[in-house]
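Student:
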Amino acid sequence: MSSSYWLLHTYDWTQNKKAETVENLKEIDKNEKAADSHVEIFISLLEAIECTTEDLVEKLSEL
Numbered sequence: 361m362s363s364s365y366w367l368l369h370t371y372d373w374t375q376n377k378k379a380e381t382v383e384n385l386k387e388i389d390k391n392e393k394a395a396d397s398h399v400e401i402f403i404s405l406l407e408a409i410e411c412t413t414e415d416l417v418e419k420l421s422e423l
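Using the working numbering, read the sequence shown as starting at 361 and increasing by one per residue.
1) Between which two residues does the alpha helix (DSSP H) carrying K393 extend?
2) Which value, in whole angstroms, describes the spacing of the CA atoms of T381 and K390?
3) Checking 8 Å against the spacing of the C-beta atoms, do L385 and A379 come in under that value?
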């Protein structure tokens, strides 16, 4: 598959502004769940913490 396929089917959460109503929040939630349910791999980027690669591998292996 071409790289454009993946770009078209990627949910970009950075495009969301702060939800001003419950309906806005529900729409964001619906889109995020739909994106998550159609992926083969899910990568979550979290706040950086001080750790080594070995620490990270160990933590991931515990999942």
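We treat Cβ as the ideally placed atom computed from N, Cα and C, and that holds for glycine.
Tutor: Reading from the atomic positions:
1) 382-396
2) 14 Å
3) yes
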